[in-house]
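In order, the protein sequences belong to chains A and B.
Quick note: the first sequence uses the working numbering, first residue 1, plus one each step.
Quick note: the second sequence uses the working numbering, first residue 1, plus one each step.
There are 2 protein chains.
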Amino acid sequence: MDKVTVMKISQLSQKSGLSKFTIRYYEKIKLLDKPQKDQSGHRNYGAKDVEIVNWVTCLKKSGMPLEKIKTYTKAYKDNDANKVSELLDIHLMKLKKQQKDIEHYIEITEKKLKKLKGA
Amino acid sequence: MDKVTVMKISQLSQKSGLSKFTIRYYEKIKLLDKPQKDQSGHRNYGAKDVEIVNWVTCLKKSGMPLEKIKTYTKAYKDNDANKVSELLDIHLMKLKKQQKDIEHYIEITEKKLKKLKGA
DNA sequence: TAACTAGTTAGAGTATAGTCTAAGTCAAGC
DNA sequence: GCTTGACTTAGACTATACTCTAACTAGTTA
Numbered sequence: 001m002d003k004v005t006v007m008k009i010s011q012l013s014q015k016s017g018l019s020k021f022t023i024r025y026y027e028k029i030k031l032l033d034k035p036q037k038d039q040s041g042h043r044n045y046g047a048k049d050v051e052i053v054n055w056v057t058c059l060k061k062s063g064m065p066l067e068k069i070k071t072y073t074k075a076y077k078d079n080d081a082n083k084v085s086e087l088l089d090i091h092l093m094k095l096k097k098q099q100k101d102i103e104h105y106i107e108i109t110e111k112k113l114k115k116l117k118g119a
Numbered sequence: 001m002d003k004v005t006v007m008k009i010s011q012l013s014q015k016s017g018l019s020k021f022t023i024r025y026y027e028k029i030k031l032l033d034k035p036q037k038d039q040s041g042h043r044n045y046g047a048k049d050v051e052i053v054n055w056v057t058c059l060k061k062s063g064m065p066l067e068k069i070k071t072y073t074k075a076y077k078d079n080d081a082n083k084v085s086e087l088l089d090i091h092l093m094k095l096k097k098q099q100k101d102i103e104h105y106i107e108i109t110e111k112k113l114k115k116l117k118g119a
């Protein structure tokens, strides 16, 4: 049998951009599952974990609080497709609202700048 | 002389959407100036204060931390137009990055949803 | 074998941004 | 003149999300 991608916490940290502290913290608050450990008790992560962590980061960066992300990943792990779509639909609406807000803030900021530089 | 708009903290709270606690908190951390007080020691706010608070809210909602907002409002009060434009330019760039990121997250989310609903 | 590196744990500490409480003052209406 | 309601203060408390420390272990390298 050939080896599947297996990595320790440092590599997952590098790949995901999250610190080792944060990864362990996410495990502590049960946002991430406890991974398998090797004979020394060190965490072993695979490609699937990278995928999950990156998706969590995506949700987090778009403003979803960790508790909500937890609900989402739970539904995901439970294969509850209905719940997942429902949550993503809501998330999508929020993103679109955010998009509008930011557009608005850009306008305001540009107006302020124009006024400032014109004066 | 006719009366200029004068309001107490409750009305400023209503007009701005910030809680009374938050307004006093912003004063405490020196984000907002101490307003004038009436004979009973109650804060009096004017139209200019509403404007400032709304602008602070705008900056905050677009992700600027309070400490940064403080720097900005300081430059604004100092009439340091150069500093203000500089800060707003940086802010604008961040907003545009945010806009791109959100666009990206919307795409990802829509893709996930399509996959989920198609399957 | 001794040092070095990377990992482990529980739990303490930090940063940011509020949020609320207790105890009090003051003006208006009944 | 007393209750009611809106205000005042200092300071304690909460929530969210990390971030780090101390004390330890296990494997590798000179």
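The beta carbon of each residue, even a glycine, is placed where N, CA and C say it ideally should be.
Setting aside the 5 residues that flank it on each side, G46 (chain B) is surrounded in the same chain by V4, T5, V6, each with a C-beta closer than 7 Å to its C-beta; the list follows chain order.
The Cβ atoms of V56 (chain B) and K15 (chain B) lie no closer than 8 Å to each other. E27 (chain A) and L18 (chain A) have their C-alpha atoms spaced approximately 13 Å apart.
Under the 8 Å criterion on CB atoms, E110 (chain A) is classed as interfacial with respect to chain B. At least one C-beta of chain A is nearer than 8 Å to the C-beta of A81 (chain B). In the three-state DSSP reduction, K34 (chain A) falls in the coil class, being neither helix nor strand. No Cβ-Cβ contact shorter than 8 Å links Q11 (chain A) with G63 (chain A).
In this structure S85 (chain A) does not touch K60 (chain B) by the C-beta definition: roughly 32 Å separates them, more than the 8 Å allowed. Under the 10 Å beta carbon count, I52 (chain B) is surrounded by 16 or more other beta carbons and is classified as buried. Contact check for L31 (chain B) against T109 (chain A) fails: the beta carbons are separated by 8 Å or more. By the Cβ neighbour-count rule, T71 (chain B) is exposed, with fewer than 16 other Cβ atoms within 10 Å of its own. Unbroken alpha helix (DSSP H) stretches of 4 residues or longer found wholly inside the segment 39 to 96 of chain A: 47 to 61, 66 to 77, given in chain order. By the beta-carbon neighbour count (other beta carbons within 10 angstroms, threshold 16), S40 (chain A) is exposed. Counting only Cβ-Cβ distances below 8 Å, I106 (chain B) has contacts in chain A at L92, L95, K96, Q99, in chain order. Within its own chain, no residue has a Cβ closer than 6 Å to the Cβ of K112 (chain B) once the five positions on either side in sequence are excluded. At a cut-off of 8 Å between beta-carbon atoms, I23 (chain B) makes no contact with chain A. Residue environment: H91 (chain B) is assigned as buried (16 or more neighbouring CB atoms within 10 Å of its CB, all protein chains considered).
Contact annotation: L95 (chain B) and Y105 (chain A) have beta-carbon atoms nearer than 8 Å.
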